[in-house]
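Participant: Let me give you the structure first, and then I'll get to my questions.
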Amino acid sequence: MAGKNISNAGSSEILDDSELLLDIQDDDKKQLLKFLYCHKCSDLATDAVDTLCCHVLLCQACLDLLEKVCPDCGRSCSGSPNHLARRLIGCQPWRCRHCGAEGSRSDEADHRRLCPAQPRQCPAPGCQFAGAPDEFLAHLTERHAAQLLRKSALLFSARAAPERQGTVQPLSSRRLRMPGLMFSAAGLSRDPSRQPTSHTGKNYCVRPLNGPACDCCDGICGPNNGCNCCDCMRADLATFGLRPGEHALVNREGVIARVGQETGRFYCGRPNMAHDPATDGFCGPNNGNNCHACHQLDRQAQGRYADIVREWA
20 MAGKNISNAG SSEILDDSEL LLDIQDDDKK QLLKFLYCHK CSDLATDAVD
70 TLCCHVLLCQ ACLDLLEKVC PDCGRSCSGS PNHLARRLIG CQPWRCRHCG
120 AEGSRSDEAD HRRLCPAQPR QCPAPGCQFA GAPDEFLAHL TERHAAQLLR
170 KSALLFSARA APERQGTVQP LSSRRLRMPG LMFSAAGLSR DPSRQPTSHT
220 GKNYCVRPLN GPACDCCDGI CGPNNGCNCC DCMRADLATF GLRPGEHALV
270 NREGVIARVG QETGRFYCGR PNMAHDPATD GFCGPNNGNN CHACHQLDRQ
320 AQGRYADIVR EWA
């Protein structure tokens, strides 16, 4: 339909469909939000899924707690990601109850990893301690110093990652293996000057980048922004609290990007794709085109960060 008559108080005008705007009032928003609440926990659904049998909206974790049984019909079922619900929920405002930081709900998981006031529960068996990060660190050094010393190498995967044969070699003799490239990794991880920058939060060593050249950098790791080398990316993963099983890297803009379940491409989930008509305005989170920073990771995962990606297998 090319146009539509809009009548208001006796007047009439014709607007193109592209010019029609939804006049959503606050009450309407509240009604819409009700459709985004989890059927089990009655909160906005986290990682929203629909049951395939009755299309009930649930958190992924709540469906797991229900042991894959539909709360509506009681039958065994599986869940399918509800991408629209996830994006709508991700855009909702959110405020950290621990430190007061404000953002959107899509930022919540990443913020909690680094929140300076988020209570930390001690993972030691039988230990009931919980406290703020600085108190937690003090507790570890005071009560679990022996365990920390024994396991300290595991905190830095670049130093402790075993070779394929199962032996651990010193970093100075290890070599990073990239397609068509082999060079010594000596010194790359032991530079005391490496530290996150204020621009992106990423780590940089200000040395030549390893792996195939990218089209967005000057070939140097940092010093203030842009792509970083493989060892500095490993430091990023530690800085952002990411584990190998999460299949995630930190893109050149300092944003966590995870591998989409449907395409195998990296997505940061940000609403930065309005320029691309083939998307809904978001980078991912599971399919479709991705933003430039995440697209660079698609390429770099095959070269510069190949050692990290191989550890995910």
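Just add 19 to wherever you are in the sequence shown, counting from 1, and you've got the numbering used here.
Yeah, the Cβ is synthetic: ideal placement off N, Cα and C, and Gly gets one too.
Model, not experiment: these values are computed from the prediction.
1) Below 7 Å CB to CB, which residues in the same chain sit around residue 90 once its five sequence neighbours on both sides are set aside?
2) Does the beta-carbon of residue 332 have 16 or more other beta-carbons within 10 angstroms, so that it is buried, or is it exposed?
3) Which of helix, strand or coil does DSSP assign to residue 154?
4) Using the DSSP secondary-structure output, state which residues sit across from residue 84 in a beta bridge.
5) Whole angstroms is fine: what's the gap from residue 151's alpha carbon to residue 137's?
6) Just to confirm my understanding: we take residue 313, look at its own chain, exclude 5 residues before and 5 after, and list those with CB closer than 8 Å. What are they?
7) For residue 116 and residue 232, I'd like the C-alpha separation in whole angstroms.
8) Could you check if residue 297 is buried or exposed, using at least 16 other CB atoms within 10 Å of its CB as the buried criterion?
9) Pick helix, strand or coil for residue 94, following the three-state DSSP scheme.
10) Under a three-way DSSP split, which group does residue 123 fall into?
11) Please report the straight-line C-alpha distance between residue 55 and residue 83, rounded to a whole angstrom.
12) Quick one: any contact between the stretch 90 to 110 and the stretch 60 to 79, if contact means 3 or more CB pairs under 8 Å?
13) Tell me the rounded alpha-carbon separation between residue 282 and residue 99.
14) State buried or exposed for residue 97, treating a residue as buried only when at least 16 other CB atoms are found within 10 Å of its CB.
15) Of the choices 219, 61, 311, whose alpha-carbon is the least far from that of residue 243?
16) Give me whichever residues DSSP pairs with residue 73 in a beta bridge.
17) Is residue 80 closer than 8 Å to residue 108 when the C-beta atoms are compared?
18) How many angstroms separate the CA atom of residue 149 from the CA atom of residue 294?
19) Give me the Cα-Cα distance between residue 183 and residue 169, rounded to the nearest whole angstrom.
20) Pick helix, strand or coil for residue 162, following the three-state DSSP scheme.
21) When the distance is taken between beta carbons, is residue 289 closer than 8 Å to residue 274?
22) What residues are listed by DSSP as bridge partners for residue 242?
23) In terms of residue numbering, what span does the alpha helix (DSSP H) encompassing residue 106 cover?
24) Thinking residue 268 and residue 292 are a contact (beta carbons under 8 Å), I'd like their distance in whole angstroms, please.
25) One question on the structure: do residue 113 and residue 119 come within less than 8 Å of each other, judged by their Cβ atoms?
26) Report yes if the C-beta distance between residue 102 and residue 309 is below 8 Å; otherwise report no.
27) With DSSP collapsed to three states, give me the class of residue 228.
28) If we count the other Cβ atoms within 10 Å of its Cβ and call it buried at 16 or more, is residue 156 buried or exposed?
29) Leaving out five residues before and five after residue 61 in sequence, what residues of the same chain have Cβ atoms less than 8 Å from its Cβ?
Facilitator: Per the coordinate set shown:
1) Here residue 90 is taken as the residue at index 71 of the sequence shown, counted from 1. Result list for residue 90: 58, 59, 75, in chain order.
2) For the purposes of this step, residue 332 is identified with residue 313 of the sequence shown, where counting begins at 1. Residue 332 is exposed by the Cβ-count criterion.
3) Working through the sequence shown from its first residue, we reach residue 154 at position 135. In this structure, residue 154 counts as helix in the three-state DSSP scheme.
4) By 1-based counting over the sequence shown, the position of residue 84 is 65. None; residue 84 has no bridge partner.
5) Locating residue 151 in the sequence shown gives position 132, where the first residue counts as 1. Locating residue 137 in the sequence shown gives position 118, where the first residue counts as 1. Distance between the alpha carbons of residue 151 and residue 137 is about 6 Å.
6) What you label residue 313 is simply residue 294 of the sequence shown in a count that begins at 1. Taken in chain order, the residues that qualify are 270, 276, 284, 285, 286, 287, 302, 303.
7) Numbered from 1 along the sequence shown, position 97 holds the residue referred to as residue 116. Numbered from 1 along the sequence shown, position 213 holds the residue referred to as residue 232. Spanning the two alpha carbons is a distance of roughly 43 Å.
8) The residue you call residue 297 lines up with position 278 of the sequence shown. It is exposed - the Cβ of residue 297 has fewer than 16 other Cβ atoms within 10 Å.
9) Residue mapping note: residue 94 aligns to position 75 of the sequence shown, counting from 1. Residue 94 falls in the coil class under three-state DSSP.
10) Counting from one through the sequence shown, the residue named residue 123 turns up at place 104. Residue state, collapsed to three classes: strand.
11) Taking the first residue of the sequence shown as position 1, residue 55 is located at position 36. Taking the first residue of the sequence shown as position 1, residue 83 is located at position 64. Rounded to whole angstroms, residue 55 to residue 83 spans 18 Å at the Cα level.
12) yes
13) Locating residue 282 in the sequence shown gives position 263, where the first residue counts as 1. Locating residue 99 in the sequence shown gives position 80, where the first residue counts as 1. Looking at the two C-alpha atoms, the distance is approximately 16 Å.
14) Along the sequence shown, one-based indexing puts residue 97 at 78. Exposed.
15) Walking along the sequence shown from the start, residue 243 turns up at place 224. Among 219, 61, 311, the Cα nearest to that of residue 243 is on 219.
16) Here the question's residue 73 lines up with position 54 in the sequence shown. DSSP lists no partner for residue 73.
17) Within the sequence shown, numbered from 1, the residue matching residue 108 stands at position 89. Within the sequence shown, numbered from 1, the residue matching residue 80 stands at position 61. It is not a contact, given that the beta carbons lie outside the stated cut-off.
18) Within the sequence shown, numbered from 1, the residue matching residue 149 stands at position 130. Within the sequence shown, numbered from 1, the residue matching residue 294 stands at position 275. Rounded to whole angstroms, residue 149 to residue 294 spans 45 Å at the Cα level.
19) Taking the first residue of the sequence shown as 1, we reach residue 183 at position 164. Taking the first residue of the sequence shown as 1, we reach residue 169 at position 150. Bear in mind that the predicted position of residue 183 carries a pLDDT of just 32, short of 50, making it unreliable; the figure below should be weighed with that in mind. Each residue's alpha carbon lies about 23 Å from the other.
20) On the sequence shown, residue 162 is found 143 positions in, with the first residue counted as 1. Reduced to three states, the DSSP call for residue 162 is helix.
21) Here residue 274 refers to the residue found at position 255 of the sequence shown. Here residue 289 refers to the residue found at position 270 of the sequence shown. In contact: residue 274 and residue 289 (Cβ atoms closer than 8 Å).
22) For this step, residue 242 is matched to residue 223 along the sequence shown. Bridge partners of residue 242: none, in fact.
23) Position 87 of the sequence shown, counted from the first residue, corresponds to residue 106. Looking at the DSSP string, the run of the alpha helix (DSSP H) that includes residue 106 is 102 to 109.
24) Residue numbering aside, residue 268 sits at position 249 when the sequence shown is read from its first letter. Residue numbering aside, residue 292 sits at position 273 when the sequence shown is read from its first letter. Incorrect: roughly 19 Å between the Cβ atoms, too far for contact.
25) In the sequence shown, counting from the first residue as 1, residue 113 sits at position 94. In the sequence shown, counting from the first residue as 1, residue 119 sits at position 100. For residue 113 and residue 119, no; Cβs fall outside 8 Å.
26) By one-based count along the sequence shown, residue 102 stands at place 83. By one-based count along the sequence shown, residue 309 stands at place 290. No.
27) The sequence position of residue 228 within the sequence shown is 209, counting from 1. Residue state, collapsed to three classes: coil.
28) Within the sequence shown, residue 156 is the residue found at index 137, counting from 1. Counting Cβ neighbours within 10 Å, residue 156 comes out exposed, since fewer than 16 surround it.
29) Taking the sequence shown and counting its residues from 1, the one referred to as residue 61 is at position 42. Here the set comprises nothing.
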